[in-house]
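K.L.:
The opening residue of the sequence shown carries number 0 in numbering that gives the first Met the number 0; numbering runs sequentially from there. No residue lacks a Cβ here, since even glycine has one placed at the ideal position from N, Cα and C. Note that the structure is a prediction, hence the values are computed from the model and not measured.
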Amino acid sequence: MLCESKSGYVWNFLIYTGKGTLLDSDYDHLRLVSSKVVMSLTKPLLGKGYCLTIDNFYNSPQLADLLIQNKTDVYGTLLLRKKEVPKELKKRYMSGKLSAIKEERSSL
0 MLCESKSGYV
10 WNFLIYTGKG
20 TLLDSDYDHL
30 RLVSSKVVMS
40 LTKPLLGKGY
50 CLTIDNFYNS
60 PQLADLLIQN
70 KTDVYGTLLL
80 RKKEVPKELK
90 KRYMSGKLSA
100 IKEERSSL
């Protein structure tokens, strides 16, 4: 579900029903289904300077890079056990601490 933060207005939603769920075919090349879902929901808003808040189930470094390439800022929590998370960040993590890695276009 994609909502506007101030009013709670539901901009778009998708009911995921497994492999039969219709997602935007422009994102078939993405490996993570969660990234395909986010990109499909936000497609009409990309490139307009919005900032997207994503929870740790959907967030990934791949998705953050893709959103930033599409002029959409993103922030949120990240599950460290995901394969896509850089090992350097996993090593730095300590419970209750904040850790970050700065890359060319994004920070994790």
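Going by C-alpha to C-alpha distance, which of 63, 40 and 82 sits closest to residue 75?
P.N.:
When each option's Cα is compared against that of residue 75, the closest is 63.
K.L.:
What's the gap between the Cα of residue 4 and the Cα of residue 24?
P.N.:
Using only the alpha carbons, I get a separation of about 27 angstroms.
K.L.:
Return the first residue and the last residue of the alpha helix (DSSP H) that residue 66 is part of.
P.N.:
Run containing residue 66: 60–68, per the alpha helix (DSSP H) assignment.
K.L.:
Starting from residue 9 and walking both ways along the alpha helix (DSSP H), at which residues does that stretch end?
P.N.:
Element bounds for residue 9: not the alpha helix (DSSP H) but the beta strand (DSSP E), 9–11.
K.L.:
When you compare only the Cα positions, how much space is there between residue 57 and residue 2?
P.N.:
C-alpha separation (whole angstroms): 15 angstroms.
K.L.:
So what does DSSP say about residue 84, is it helix, strand or coil?
P.N.:
The answer is coil: DSSP assigns residue 84 none of H, G, I, E or B.
K.L.:
Which first and last residues belong to the beta strand (DSSP E) in which residue 40 is found?
P.N.:
Segment 32–41 is the alpha helix (DSSP H) holding residue 40; no beta strand (DSSP E) there.
K.L.:
Do residue 39 and residue 51 have their C-beta atoms closer together than 8 angstroms?
P.N.:
Contact flag unset, no.
K.L.:
Using only alpha-carbon positions, find the residue among 53, 11 and 15 that is nearest to residue 42.
P.N.:
Looking at the Cα atoms, 11 is the closest of the given residues.
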